[in-house]
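Take 15 as the starting number for the sequence shown in our numbering and just add one per residue. Let me begin by presenting the structure, written as structure tokens, before commenting on it.
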Amino acid sequence: MKGKTMTIKKITLLTLILSFSFCFSQIEEIKKIDSIYDVKTAQIPVKNKTSKKYWKVATEINKQRISEYDKILKNAYENDLKELPEYKSQEEDKIIEYKNGGIGRYRKDMFNNIDLFEHPFLPNLVGMTLKSELKFVIDENGKIKNVEAVGENDAFNTLSKIALYKTEGNWIPAQKEGKNIKSSFRFPIVTQIE
């Protein structure tokens, strides 16, 4: 019996390590994409960043960035579907929390992670209001899973999901009867492109 318990503990530990490695790998991939495309944007040979020429080149670079983000998100979503059984709603004794400042800090982190003002992702939408609703699960280990973004602009939905993944490591899972549980979360994002 003792050997069986040790084997179960080893399998559980290995699963946790693999899950952490996958999430860490995802964040590293996102950072790598950001680094590559930030350099490309900075190297656009135009002095005036409000010119049509600049916006044309920047738009193409950022379409490529979003395409790369979409590849990461597709892989993450497929892996989440393999890992998680169908989610069933349940009452929590303790709801999901966000470290270092709660929901206010989460809002600030999301705003900083989307960063539309630093990177011209959506120049053709200047003057418009963009909306997306994120739906996701925080699992028993505080990992972000099953991310969906519902909104009219696919590029903004992608940026919203990437911004969420950048908050990985800041989530405290919900609890039921003293045990961590999976719990769903919804968060609307609204921004005005100026």
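All residues carry an ideal CB built from backbone N, CA and C; glycine is no exception.
{"Item": "Beta-carbon separation (whole angstroms), Phe170 vs Ile110, contact threshold 8 Å", "Value": "The Cβ separation is near 24 Å, so there is no contact."}
{"Item": "Three-way DSSP call (helix, strand, coil) for Asn89 in this model", "Value": "helix"}
{"Item": "Three-way DSSP call (helix, strand, coil) for Ser197 in this model", "Value": "strand"}
{"Item": "Segments assigned alpha helix (DSSP H), at least 4 residues, entirely inside the segment 111-193", "Value": "116-128 and 168-179"}
{"Item": "Cα-Cα separation between Lys70 and Asn62, rounded to whole angstroms", "Value": "12 Å"}
{"Item": "Best match in Asp168, Lys175, Val204 and Ile152 for proximity to Trp185 [C-alpha to C-alpha]", "Value": "Ile152"}
{"Item": "Simplified DSSP state of Thr64, which is helix, strand or coil", "Value": "coil"}
{"Item": "Ser49 Cβ short of 7 Å to the ligand SAH heavy atom set", "Value": "Judged by which ligands are present, the structure shown has none, so any question about the ligand SAH falls away."}
{"Item": "Reference Asn194, options Tyr83, Ile128, Lys157 and Val53, closest by Cα", "Value": "Lys157"}
{"Item": "Own chain, CB closer than 6 Å to Val204, minus 5 neighbours either side, in chain order", "Value": "Lys145"}
{"Item": "DSSP bridge partner residues for Thr205 (one or two, in chain order)", "Value": "Leu144"}
{"Item": "Per-residue burial, Ile47 [other beta carbons within 10 Å of its own, 16 or more giving buried]", "Value": "buried"}
{"Item": "Nearest residue (CA-CA) to Lys180, options Glu154, Gly141 and Tyr120", "Value": "Tyr120"}
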